[in-house]
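Student: I have a structure I would like to understand better, so I am pasting it below and will then ask my questions one at a time.
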Amino acid sequence: MHPSLAHTEHRPWPLPCGPWLWRMRWERLAFIHHRIDAAVLRPRIPPDLTVDEFDGSAWLGVVPFQMTDMMVRGLPGVPPWRRFPELNLRTYVVRDGCPGVWFFNLDAACWPLVVAGRGLYGFPYFRAAMRLEETAKGGMLMSRRPDGRAAFRGTYSSRGEVFLARPGTFEHWATERYRVYSGLCGRTRATDVHHRPWPLQEAEVEIQENGLFAASGLSIDEASPVVHYTSGVEVIAFAKAWAGSGKAWG
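The sequence shown: position 62 = 61 (numbering that gives the first Met the number 0), numbered continuously.
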């Protein structure tokens, strides 16, 4: 049994019935959040999803991290999947009362993941040249796609004590989400994930370059983001399902 399955009481709904398919670890991760008008995002989200809001606005999250030990259940890990940086731009949505994450882009320094993520899951993955340098309290990530778009360079650092987010707080609303929505073949599909609650810390970020928003056709005020850091969690992902059907496929 995967260690995370010993802790399920924090989940907003029960685990899927089928077995998990993927396992991985997300490490040295920062949540860098910015407010945005929900009306700006509405045309970019499938009509069967509702843009989720907190404190009167929608939010965009820039999330740099290190992916480690990624493997398919029953198969050994292979070198390209074992350790690589990733960077994503996301927002928050709801369908049939189930909150989740919607990605505008996911940049990764792992071409097999880019191919599999796009073809099997409909995630907007892009291959990028990336480097994550570990620091004492966080990391420094540099990323650039082959065409030069979506360039990012920033340093994030934790401060303060580790805590678990309390229900009703922004950090709980933004981070404790166990479903990812995506579009595939003209339909919305859902992928459930599971992990223990995020061990969070307050954090600060210094961004020297950020082309993620422009690459996604978005323009926001990047001043004063809300930033949190986590050392990481072990994650499992389940079979994809058409949203609302409850039936896994593939």
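Even for Gly, the Cβ is constructed at its ideal location relative to N, Cα and C.
Check whether the Cβ atoms of Trp25 and Met66 lie closer than 8 Å to each other.
Tutor: Their beta carbons are under 8 Å apart, which means Trp25 touches Met66 by this criterion.
Student: Does DSSP put Thr229 in a helix, a strand or coil?
Tutor: Thr229: strand per DSSP, three-state reduction.
Student: Closest to Ser215 by CA distance: which of Gly185, Glu8, Ala150 and Ala202 is it?
Tutor: Selected option, being the one with the closest Cα: Ala150.
Student: When the distance is taken between beta carbons, is Thr190 closer than 8 Å to Phe237?
Tutor: Contact: yes.
Student: Under the three-state reduction of DSSP, which class applies to Phe83: helix, strand or coil?
Tutor: Residue state, collapsed to three classes: strand.
Student: Quick one: Cα of Cys97 to Cα of Arg178, how far?
Tutor: Answer to the nearest angstrom: the Cα atoms are 8 Å apart.
Student: Using only CA atoms, which one of Arg117, Arg195, Val114 and Tyr91 lies nearest to Val232?
Tutor: Of the candidates Arg117, Arg195, Val114 and Tyr91, the one whose C-alpha sits nearest the C-alpha of Val232 is Arg195.
Student: Is Glu52 helix, strand or coil when you go by DSSP?
Tutor: If DSSP states are grouped into helix, strand and coil, Glu52 belongs with coil.
Student: Which value, in whole angstroms, describes the spacing of the CA atoms of Leu131 and Gly153?
Tutor: Their Cα atoms are separated by approximately 10 Å.
Student: Taking the beta strand (DSSP E) that Ala128 falls in, what are its first and last residues?
Tutor: Segment Ala128 to Glu133, the beta strand (DSSP E) holding Ala128.
Student: For Thr67, does the three-state DSSP call read helix, strand or coil?
Tutor: Strand at Thr67.
Student: Who pairs with Ile35 in a beta bridge, going by DSSP?
Tutor: Ala57, per the DSSP bridge assignment.
Student: Return the first residue and the last residue of the beta strand (DSSP E) that His193 is part of.
Tutor: That run of the beta strand (DSSP E) goes Arg186 to His193.
Student: Straight-line CA distance for Gly147 to Asn209?
Tutor: If I take the Cα positions, the gap works out to 12 Å.
Student: Let me check understanding here. Comparing Cα to Cα, which of Gly17, Arg94 and Gln207 lies closest to Pro46?
Tutor: Residue Arg94 is the option with its Cα nearest to Pro46.
Student: With distances taken Cα to Cα, identify the nearest neighbour of Trp12 among Val225, Arg176 and Tyr155.
Tutor: Checked all of Val225, Arg176 and Tyr155; the closest Cα to Trp12 is Arg176.
Student: Given this structure, state the Cα-to-Cα distance separating Phe122 from Ile44, to the nearest angstrom.
Tutor: So the alpha carbons of these two residues sit roughly 13 Å apart.
Student: Which of the three DSSP states is assigned to Trp101 in this structure?
Tutor: Of the three classes helix, strand and coil, the one that applies to Trp101 here is strand, per DSSP.
Student: The alpha helix (DSSP H) that contains Ala214, what's its start and end?
Tutor: Ala214 -> alpha helix (DSSP H) spans Leu211 to Ala214.
Student: In chain order, what residues of the same chain have a beta carbon less than 8 Å from the beta carbon of Arg165, not counting five sequence neighbours either side?
Tutor: Cβ within range, chain order: His171.
Student: Name the DSSP bridge partner or partners of Ile206?
Tutor: DSSP lists Gly153 as partners of Ile206.
Student: So, helix, strand or coil for Tyr120, using DSSP?
Tutor: In this structure, Tyr120 counts as helix in the three-state DSSP scheme.
Student: How about Tyr180 and Trp58: are their beta carbons less than 8 Å apart?
Tutor: No, the pair does not count as a contact, with Cβ atoms beyond the cut-off.
Student: Does the Cβ-Cβ distance between Val62 and Leu40 come in under 8 Å?
Tutor: No, the pair does not count as a contact, with Cβ atoms beyond the cut-off.
Student: DSSP three-state label for Leu183, please.
Tutor: Looking at Leu183 - three-state DSSP - the assignment turns out to be strand.
Student: With DSSP as the reference, please indicate the residues paired to Ala107 in a beta bridge.
Tutor: BP columns for Ala107 point to Glu85 and Arg126.
Student: Report, in whole angstroms, the separation of the C-beta atoms of Ala107 and Phe83, which I expect to be a contact under 8 Å.
Tutor: Correct: roughly 6 Å between the Cβ atoms.
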